[in-house]
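K.L.:
Just so we're aligned, residue 11 is where the sequence shown starts under the UniProt record's numbering, counting upward by one.
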Amino acid sequence: ENNNLFIRGFMILFLSCITIRLNFCISNIPSSLRILPLEGHLNFDDVSHAARDFGNRYQHHPIAVLHPKSVSDIAATIKHIWQMGPRSQLTVAARGHGHSLQGQAQTHGGVVINMESIKVPEMQVYTANHPYVDVSGGELWINILHESLRYGLAPKSWTDYLHLTVGGTLSNAGISGQAFRHGPQISNVQQLEIVTGKGEVLNCSSEQNGELFHSVLGGLGQFGIITRARISLEPAPTMVKWIRVLYADFTAFAKDQELLISAENAFDYIEGFVIINRTGLLNNWRSSFNPHDPVQASKFKSDGRTLFCLELAKYFDPEDNNEANQEVEKHLSHLNHIPSTLFLTEVTYVDFLDRVHVSEVKLRSKGLWDVPHPWLNLFIPKSQIHNFAEVVFGNILTETSNGPVLIYPVNKSKWDNRTSVVIPEEDIFYLVAFLTSAVPSSSGTDGLEHILNQNKRILEYCKRTLIGVKQYLPHYTTQGEWRDHFGPKWELFLKRKSVFDPLAILNPGQRIFQKAT
Ligand code: FAD
């Protein structure tokens, strides 16, 4: 009995020591960070903002938020954590504009870097033969647009929404209706400055530190923090002819989309969306589209059919208006849409590119922006898109009033397979984006539960039929799923991680790696 008492006593003492040591380590971490010499500052109190994102479903609280004023602030913080080694649980997450969907820019108990605080380098446009702009990794695309337009220039490839940061979209791919011609945003970057998971600051491009450059592009923030990017520019137009035509037949719709993406000079932007069981056919939160003939537009009824809307844009300058009209007419005459459904409007280039923001302002005023967004984005190989459309549109998905469902093809040849992004094997693949908003406490078809279940059924269908789908803005919870996602690229991804962030300090919110302890 004495022996038992002794063992029990010893165990209690031993466990207490471990607890005290753990508590000591945890409470000691902020103070070791507190003394870091920084130009900016670490905030240990007001961290709740960094635990939220656009998805509005995941909340992981960091212990601190770094508001860097320079690249050295970021390097010093990461180097400090790197030097603590595996004994520290601290991780670091770069937060762009926080428009992730499932906590990808968050870290539980780590340090979030508020990338928008860093204002260096100051944005600088170079107007030489191959123009470009140098920007900080935390810069918003809308600011880049305005600055480059002062020189009559603009980036070539966009996202539908411009209030996103350079670092955030380059960590994914950055796609919109220009991608068929120019590739995603990651195909339009010439150079990067990166802080690796060891706190080193490195410049990279295809020619210099190429392995790091390609790792980081589409790399889900796993290999380094993007602190500067050099982005290719082109002469900017001033106006846009923005066109929508409707189809009742998916085959005709997809055939026309594929025809247009292979015609080099037909249109400058090609997207499309699905309309199921809804009124107000032409509008959704993505855009306030005001056709020239609103009466004609409102007369058109879907009569319960599933419709497909092809969305096109032709850039032009007012002095070339006639020529642009002729070009548009010529290309439209080859299409097989429902004849009475040609809707056209003309807007400035800025209004066209910033179209989603108009809707954001409206939704915010109604309290409908900060709701859960259980989005699902898929890349589907061209050969499978018809089967996918048949099973999903109208069957699994029975209405599109919860948010737009985008669908448009892109050319694989415009993507660089040395980057980390994962895409299907075929030469043409489609982006299908279910951009749903949930009504927080609803148990109906607009409720979170219902939408998540719908997403699950779509993913199960893809898995069951082995149609070679890849998730865009991917989200998985196990390493096995990540391995499947990357397929043949997984070994390279692992190798790159072991070189650039061996302790897995960076961006744990992607849930691919856990910090080595
Ligand atoms: P965050 O959400 O803050 O970060 C995204 C990821 O990148 C995180 O893992 C983060 O840790 C990491 N990260 C952030 N900054 C850096 C950095 N400097 N260095 C390294 N890693 C970093 N995407 C498209 O491709 N096309 C679209 O048309 C499109 N439209 C959208 C519309 C809306 C309304 C929203 C909310 C999103 C849209 N997206 C689109 C998705 C968007 O590209 C991603 O959600 C992107 O991650 C958001 O950028 P962010 O700046 O908010 O990044």
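Quick reminder that beta carbons are idealized off the backbone N, C-alpha and C, glycines included.
Is Gly106 near ligand 1 - that is, is its Cβ less than 6 Å away from at least one heavy atom of it?
P.N.:
Counting from 1 along the sequence shown, the entry for residue 106 is found at position 96. Checking every heavy atom of ligand 1 against the Cβ of Gly106, one is found closer than 6 Å.
K.L.:
Work out the CA separation of Asn332 and Ser110 for me, nearest whole Å.
P.N.:
Residue 110 sits at position 100 when you count from the first residue of the sequence shown. Residue 332 sits at position 322 when you count from the first residue of the sequence shown. Distance between the alpha carbons of Ser110 and Asn332: 42 Å.
K.L.:
Relative to the C-alpha of Ala239, which candidate in Ala86, Glu329 and Gln134 has its C-alpha closest?
P.N.:
The residue you call residue 239 lines up with position 229 of the sequence shown. Per the Cα distances, Gln134.
K.L.:
If you run the structure through DSSP and keep just helix, strand and coil, what is Ile36?
P.N.:
In the sequence shown, residue 36 corresponds to position 26, counting from 1. Unreliable positioning characterises Ile36 in this predicted model, as indicated by a pLDDT of 47, which lies under 50. The coordinate reading is nonetheless provided below. Here Ile36 sits in helix by DSSP.
K.L.:
Nearer than 6 Å: is that true of the beta carbon of Thr169 relative to any heavy atom of ligand 1?
P.N.:
The residue given as residue 169 occupies position 159 in the sequence shown. Yes, since a heavy atom of ligand 1 falls inside the 6 Å radius drawn around the Cβ of Thr169.
K.L.:
Would Pro391 be called buried (16 or more neighbouring beta carbons within 10 Å of its own) or exposed?
P.N.:
On the sequence shown, position 381 is the one that residue 391 refers to. Label assigned to Pro391: buried.
K.L.:
Whole angstroms is fine: what's the gap from Val371's alpha carbon to Met94's?
P.N.:
Translated into positions along the sequence shown, residue 371 becomes position 361. Translated into positions along the sequence shown, residue 94 becomes position 84. Their Cα atoms are separated by approximately 44 Å.
K.L.:
May I ask you to report which of helix, strand or coil DSSP gives Ser58?
P.N.:
Within the sequence shown, residue 58 is the residue found at index 48, counting from 1. Note: Ser58 maps to helix in three-state DSSP.
K.L.:
Anyone know if the C-beta pair for Val176 and Val145 falls short of 7 Å?
P.N.:
Numbered from 1 along the sequence shown, position 166 holds the residue referred to as residue 176. Numbered from 1 along the sequence shown, position 135 holds the residue referred to as residue 145. Yes, these two residues count as a Cβ contact at 7 Å.
K.L.:
For Gly178, collect the residues of the same chain with a Cβ closer than 7 Å to its Cβ; drop the 5 residues on either side in sequence, then sort them by chain order.
P.N.:
As a first step, residue 178 must be located in the sequence shown, where it is residue number 168. Cβ neighbours of Gly178 beyond the five flanking positions: Gly106, His107 and His109.
K.L.:
For ligand 1, I want to know if Met125 counts as a neighbour, meaning its beta carbon is within less than 6 Å of at least one of the ligand's heavy atoms.
P.N.:
Here residue 125 corresponds to residue number 115 of the sequence shown, with the count starting at 1. Within the cutoff, so yes.
K.L.:
Should Phe389 be listed as close to ligand 1, given that the test is whether its C-beta is under 6 Å from any heavy atom?
P.N.:
Taking the sequence shown and counting its residues from 1, the one referred to as residue 389 is at position 379. Phe389 Cβ: outside cutoff for every heavy atom of ligand 1.
K.L.:
Do you know whose CA, among Gln218, Val199, Thr351 and Trp385, lies nearest Glu244's CA?
P.N.:
Your numbering for residue 244 matches position 234 in the sequence shown. Considering only alpha carbons, the answer is Val199.
K.L.:
Can you name, in chain order, every residue of its own chain whose Cβ lies under 6 Å from the Cβ of Phe398, other than the five neighbours on each side?
P.N.:
For this step, residue 398 is matched to residue 388 along the sequence shown. Excluding sequence neighbours, Phe398 sits near Ile390.
K.L.:
Would a C-beta distance cut-off of 7 Å place Trp385 and Leu317 closer than the cut-off?
P.N.:
Your numbering for residue 385 matches position 375 in the sequence shown. Your numbering for residue 317 matches position 307 in the sequence shown. Not in contact: Trp385 and Leu317 (Cβ atoms no closer than 7 Å).
K.L.:
May I ask you to check if the CB of Asn53 is nearer than 6 Å to at least one heavy atom of ligand 1?
P.N.:
As a first step, residue 53 is located in the sequence shown; it is residue number 43 there, counting from the start. False, no ligand heavy atom lies under 6 Å from that Cβ.
K.L.:
Under 6 Å: does the beta carbon of Ile395 sit that close to some heavy atom of ligand 1?
P.N.:
Within the sequence shown, the letter at position 385 stands for residue 395. No, since every heavy atom of ligand 1 falls outside the 6 Å radius drawn around the Cβ of Ile395.
K.L.:
Below 8 Å on the Cβ atoms is my contact criterion, and I expect Ala189 with Ser167 to pass it. Report the Cβ-Cβ distance as a whole number of Å.
P.N.:
Along the sequence shown, read from residue 1 onward, the residue named residue 189 stands at position 179. Along the sequence shown, read from residue 1 onward, the residue named residue 167 stands at position 157. The Cβ separation is near 6 Å, so the contact holds.
K.L.:
Would you grab the beta carbon distance between Val402 and Ala323 for me? Rounded to a whole angstrom, and I think it's under 8 Å.
P.N.:
By 1-based counting over the sequence shown, the position of residue 402 is 392. By 1-based counting over the sequence shown, the position of residue 323 is 313. With a Cβ gap of about 26 Å, Val402 and Ala323 do not count as contacting.
K.L.:
Can you list, in chain order, the residues of its chain whose CB lies under 7 Å from that of Phe223, leaving out five sequence neighbours each side?
P.N.:
The residue given as residue 223 occupies position 213 in the sequence shown. Excluding residues within five positions, the ones whose Cβ falls inside 7 Å are Leu202, Cys214, Ser215 and Ser216.
K.L.:
Would DSSP call Leu46 helix, strand or coil?
P.N.:
Within the sequence shown, residue 46 is the residue found at index 36, counting from 1. Under the three-state reduction of DSSP, Leu46 is assigned to coil, being neither helix nor strand.
K.L.:
Which whole-angstrom value is the C-beta distance of Ile236 and Ile204, which I expect to be below 8 Å?
P.N.:
Translated into positions along the sequence shown, residue 236 becomes position 226. Translated into positions along the sequence shown, residue 204 becomes position 194. Your pair Ile236 and Ile204 checks out as a contact, with CB atoms roughly 6 Å apart and the cut at 8 Å.
K.L.:
Take Ser343 as the anchor and find which of Leu269, Thr206 and Val509 has the nearest alpha-carbon.
P.N.:
Walking along the sequence shown from the start, residue 343 turns up at place 333. When each option's Cα is compared against that of Ser343, the closest is Leu269.
K.L.:
Can you tell me whether DSSP reads Met125 as helix, strand or coil?
P.N.:
For the purposes of this step, residue 125 is taken as the residue at position 115 of the sequence shown. In the displayed model, Met125 falls within a helix according to three-state DSSP.
K.L.:
Taking only the alpha-carbon atoms, compute the straight-line gap between Leu363 and Ala448 and give it to the nearest angstrom.
P.N.:
Within the sequence shown, residue 363 is the residue found at index 353, counting from 1. Within the sequence shown, residue 448 is the residue found at index 438, counting from 1. If you take the alpha carbons of Leu363 and Ala448, they lie about 26 Å apart.
K.L.:
For the putative contact between Ala103 and Pro518, defined by C-beta atoms under 8 Å, what is the C-beta separation to the nearest angstrom?
P.N.:
Looking up residue 103 in the sequence shown gives position 93. Looking up residue 518 in the sequence shown gives position 508. Right, the Cβ-Cβ distance comes to about 7 Å (below 8 Å), so this counts as a contact.
K.L.:
Within the present structure, is the beta-carbon of Leu373 separated from the nearest heavy atom of ligand 1 by less than 6 Å?
P.N.:
In the sequence shown, counting from the first residue as 1, residue 373 sits at position 363. It does not: the Cβ of Leu373 is nowhere closer than 6 Å to a heavy atom of ligand 1.
K.L.:
Flag this pair as yes or no: are the beta carbons of Ile123 and Leu174 separated by less than 7 Å?
P.N.:
Counted from its first residue, the sequence shown places residue 123 at position 113. Counted from its first residue, the sequence shown places residue 174 at position 164. It is not a contact, given that the beta carbons lie outside the stated cut-off.
K.L.:
Is the CB-CB distance between Ile88 and Gly229 below 7 Å?
P.N.:
The residue you call residue 88 lines up with position 78 of the sequence shown. The residue you call residue 229 lines up with position 219 of the sequence shown. Cβ distance not < 7 Å, so Ile88 and Gly229 don't count as in contact.
K.L.:
Using the C-alpha atoms, what's the distance from Tyr68 back to Thr455?
P.N.:
Along the sequence shown, one-based indexing puts residue 455 at 445. Along the sequence shown, one-based indexing puts residue 68 at 58. For Thr455 and Tyr68, the distance between alpha carbons rounds to 21 Å.
K.L.:
Is it true that the CB of Leu516 sits closer than 7 Å to the CB of Gly207?
P.N.:
The sequence position of residue 207 within the sequence shown is 197, counting from 1. The sequence position of residue 516 within the sequence shown is 506, counting from 1. For Gly207 and Leu516, yes; Cβs fall inside 7 Å.
K.L.:
How many Å lie between residue 530 and Ala246 at the Cα?
P.N.:
Not covered by the structure: residue 530. The range shown for the chain is 11 to 527.
K.L.:
Less than 7 Å between the beta carbons of Gly119 and Lys79, yes or no?
P.N.:
Against the sequence shown, residue 119 aligns to sequence position 109. Against the sequence shown, residue 79 aligns to sequence position 69. No, the pair does not count as a contact, with Cβ atoms beyond the cut-off.
K.L.:
Is the beta carbon of Asn346 sitting closer than 7 Å to the one on Ala262?
P.N.:
Taking the first residue of the sequence shown as position 1, residue 346 is located at position 336. Taking the first residue of the sequence shown as position 1, residue 262 is located at position 252. Closer than 7 Å, so yes.
K.L.:
Can you have a look at Ala85 and say buried or exposed, based on whether 16 or more other CB atoms are within 10 angstroms of its CB?
P.N.:
Along the sequence shown, one-based indexing puts residue 85 at 75. Ala85 comes out buried.
K.L.:
By DSSP, does Arg31 sit in helix, in strand, or in coil?
P.N.:
Here the question's residue 31 lines up with position 21 in the sequence shown. With a pLDDT of only 43 at Arg31, under the threshold of 50, the placement of this residue in the model should not be trusted, and no figure is reported.
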